[in-house]
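Q: Mapping of the sequence shown onto numbering that gives the first Met the number 0: position 44 corresponds to residue 43, and the numbering continues sequentially without gaps.
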Amino acid sequence: MTAAAAATLEVRGLTKEFGRRPPVRAVDDVSFALRPGTITGLVGESGSGKSTVARLLSRLYSPSGGSILFGGEDVSRTALRRYRSEVQMIFQDPFASLNPVKKVQHHLERPLRIHGIASRGDVDAVVHDLLRTVGLVPPATIAQKYPHQLSGGQRQRVAIARALAVKPSVVLADEPISMLDVSIRIGLLNLMADLKKDLGIAFLYITHDIASARYIADEVLVMYAGRIVEQGPTDDVLQDPLHAYTKLLLSAVPSPEPGGHRELLVRARRPSTDGELVEARPGHFVRQPTT
Ligand SMILES: Nc1ncnc2c1ncn2[C@@H]1O[C@H](COP(=O)(O)OP(=O)(O)OP(=O)(O)O)[C@@H](O)[C@H]1O
Ligand SMILES: [Mg+2]
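#1: Under a three-way DSSP split, which group does Glu85 fall into?
#2: On a Cα-Cα basis, can you pick out the residue from Asp92, Ala142 and Val169 that is closest to Asp128?
#3: Hey, Gly48 and Val74: beta-carbon distance below 9 angstroms or not?
#4: Count the other CB atoms, across all protein chains shown, that sit within 10 Å of the CB of Gly70; report buried if there are 16 or more and exposed otherwise.
#5: Identify the continuous beta strand (DSSP E) that holds Lys15 and give its terminal residues.
#6: Tell me the DSSP bridge mates of Gly64?
#7: Could you check what DSSP says for Leu179 in three-state terms: helix, strand or coil?
#8: Is the beta carbon of His242 less than 9 angstroms from the beta carbon of Arg184?
#9: Are Ser61 and Leu68 touching if we call contact CB-CB under 9 angstroms?
#10: DSSP three-state call for His147: helix, strand or coil?
#11: Run through DSSP, which three-state label would Lys75 get?
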């Protein structure tokens, strides 16, 4: 997707503070756009503010400053239910996000009913279609299983199917593979890549596994201490990083395979987050010291 494609979801100057005296600025003046058929990777170490961005975008938190635009409209004026039918979220722990006493069928039927998507007569067909879309076959058998009867990867596929039930245009995936076996992570990444291509979904893929972002993300946002320090096309940013923090992240990744080793950051010298984001190369922005 080119940078010229219309953004589905856009944030401008997004800021979130927690507490008082002094407040913690978990997200500090963050701006980016999620485009149809594009996976945007949001990478950064633990505590950099990635999940807070996802919670702001899903409207679980309200921003302390800045705005979120969906299709060009400020979402603070959109009813939450309508917003949720466009912007869905997938969480890290598929077990925690599924009700243990309810079958797969229930998890997929619920959003269809709440959002009035399928009529009583064709609920089963829609549920089976959703299961096939996420690679869970045979769907009639899977639909009758309880979460504990599925593998971690299958449970995460159910969570994805549930997100897709409302036909969203944006899916926010916060560390969706980090709790899964290394051997099945790649299958989930490939599923997300298929969904972006086949359904035109705009994904925000949050991870601290930079190798997995390199594998599926078209664009990457590098977040550090609440700020985006570098952003642009994945290949450009990760092959030729310009910000000291991005270089540090990459130098700490020993393996290029998705789901490989986690980065071990050297804490001794912390790069600066000062300065403005400037376009160093086409579409590739880096935060530069002002002096
Ligand atoms: N509800 C909250 N109340 C107070 N502080 C919070 C809250 N949520 C997050 N924070 C703080 O905001 C900062 C960013 O947290 P966040 O969870 O967004 O980081 P993250 O990048 O998702 O980290 P991880 O990789 O560990 O998931 C941290 O300093 C965290 O302690
Ligand atoms: Mg997080």
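We put the beta carbon where it would ideally sit given N, CA and C, even for glycine.
A: Considering the structure as presented:
#1: It is coil, neither helix nor strand.
#2: Ala142
#3: no
#4: It is exposed - the Cβ of Gly70 has fewer than 16 other Cβ atoms within 10 Å.
#5: Leu8 to Phe17
#6: In the DSSP output, where bridge partners are listed per residue, Gly64 has Thr14.
#7: coil
#8: no
#9: no
#10: helix
#11: Sequence inspection shows Ser at residue 75; the Lys mentioned does not correspond to that position. It is helical.
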